[in-house]
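Worksheet: the structure to be examined is printed underneath.
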Amino acid sequence: MIWKPQAAGALAMAASLALLAGAGARFVPGGSAAGPLARILDSLAPWLLGGALGLSLGAAALGLRRLGPGLALAALAALAGLGALHLRQSLPALPDRAPDLRILFFNAYSGNRIPAETIIRAVIDTNPDIVLFAEAEAVAAGLTLLQKHYGFVSPCSPGACQIVLAARTRPRRFWAMALNPVWPGRYAVAEIETASGKRVFLAGLQLLKPWMSGLAETELGRLTAQLGWLPDPAVAIGDFNAAPWSRTLSQISAETGMATARLPVATWPVGAGRFGVPVDQVLVGGGARLVRLSPFGADLGSNHRGLIAEIALP
Numbered sequence: 001m002i003w004k005p006q007a008a009g010a011l012a013m014a015a016s017l018a019l020l021a022g023a024g025a026r027f028v029p030g031g032s033a034a035g036p037l038a039r040i041l042d043s044l045a046p047w048l049l050g051g052a053l054g055l056s057l058g059a060a061a062l063g064l065r066r067l068g069p070g071l072a073l074a075a076l077a078a079l080a081g082l083g084a085l086h087l088r089q090s091l092p093a094l095p096d097r098a099p100d101l102r103i104l105f106f107n108a109y110s111g112n113r114i115p116a117e118t119i120i121r122a123v124i125d126t127n128p129d130i131v132l133f134a135e136a137e138a139v140a141a142g143l144t145l146l147q148k149h150y151g152f153v154s155p156c157s158p159g160a161c162q163i164v165l166a167a168r169t170r171p172r173r174f175w176a177m178a179l180n181p182v183w184p185g186r187y188a189v190a191e192i193e194t195a196s197g198k199r200v201f202l203a204g205l206q207l208l209k210p211w212m213s214g215l216a217e218t219e220l221g222r223l224t225a226q227l228g229w230l231p232d233p234a235v236a237i238g239d240f241n242a243a244p245w246s247r248t249l250s251q252i253s254a255e256t257g258m259a260t261a262r263l264p265v266a267t268w269p270v271g272a273g274r275f276g277v278p279v280d281q282v283l284v285g286g287g288a289r290l291v292r293l294s295p296f297g298a299d300l301g302s303n304h305r306g307l308i309a310e311i312a313l314p
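So the sequence shown is numbered by full-length UniProt numbering: it starts at 1 and just counts up by one.
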């Protein structure tokens with residue numbers, strides 16, 4: 001049929017573009033002209049490469065007997081490389097270990113229309129040891145309820161309520177700081193002592209969108225410096241706005257030695273459920289290990305699902 005060559009060519013072209021985007025985006029520096037687009041694409045790499053594979057097989061079926069299989073092999077090789085990268089900078093969960101700490105992280109979303117007390121009650125019902133909220137303005141009106149169940153709730157004032165941490169007992173140390181000049185207070189650290197006497201440094205954070213060229217690179221440099229300074233063992237949890245295999249997380253892993261979850265939880269967009277992109281992360285270092293990771297709060301009005309991380313400490 002006359003339409004087959006044209007259709008095969010179109011599929012091959014689309015496969016080539018998806019392959020180029022999926023395999024090459026992570027190598028593009030953020031400060032370059034193509035950097036903002038690359039930071040969007042590198043978190044979508046598995047979907048792009050999977051699409052390239054399907055399109056190339058379609059091109060082969062329509063008659064491109066050499067180019068189609070060649071593109072399919074290239075897509076498979078790129079997927080294998082991406083998988084190998086993820087294996088290098090992640091650690092598997094240890095479900096047989098007894099957790100020392102249960103941490104709940106939730107980006108409450110500043111435009112959330114669910115009542116703050118409804119969100120707080122859902123958090124309390126899960127009974128975590130530590131609660132971390134990003135975009136905490138959405139829950140500010142319900143923090144009095146949180147204070148009834150937790151001995152320490154970090155300060156939250158109007159216009160300056162980004163990261164809020166709640167703990168059963170007062171941390172040995174707590175501080176918050178700015179990683180960028182536009183949205184201050186999106187990084188907080190607590191030195192936590194568990195009931196059994198173990199200690200851990202816990203960082204909660206929300207990063208800028210990584211395609212905000214200029215600001216995002218500066219912020220990432222400050223974050224890696226801060227995480228690299230934390231004494232062992234250390235845990236970082238928050239909204240990184242980037243997937244575990246992205247250039248952003250690769251840089252954090254390379255410069256701090258902290259590892260992401262081997263089986264990450266998809267968190268954005270919330271409507272995609274388990275098929276979404278895992279842009280909220282738990283990083284562990286210095287002997288801390290993830291025991292279990294599960295989603296939280298899909299029905300609580302945010303555009304992100306939250307995370308419940310169970311952590312074992314050395």
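Just so it is clear, CB atoms sit at the ideal spot from N, CA and C, and this is done for glycine as well.
Rounded to the nearest whole angstrom, the CA to CA distance from S16 to A60 is 13 Å.
With distances taken between CA atoms, V123 lies nearest to L307 out of L307, F174, P314.
Checking the DSSP bridge columns, you'll see G306 partnered with F296.
Taking C-beta atoms under 8 Å as the contact rule, A78 and G22 qualify, at a distance of about 6 Å. With respect to the C-alpha of G238, the residue from P184, L146, V279 having the closest C-alpha is V279. Closest option to A45, judged by alpha-carbon separation, among A190, H149, E117, G83: G83.
No Cβ-Cβ contact shorter than 8 Å links Q162 with V153.
As DSSP reads the structure, A236 sits in a beta bridge with A203, L283. The shortest CA-to-CA distance from P69 to any of A52, G81, M177 is the one to A52.
In the structure shown, A136 adopts helical secondary structure according to DSSP, grouped into three states.
DSSP, read as helix, strand or coil, puts S32 in coil. In the three-state reduction of the DSSP assignment, L91 falls in the strand class. With respect to the 8 Å criterion, H304 and T267 are classified as neighbours on the basis of their beta carbons.
For G185, same chain residues with a beta-carbon under 7 Å away, outside a window of 5 residues either side, are A160, Q162, I163, A176, A178 in chain order.
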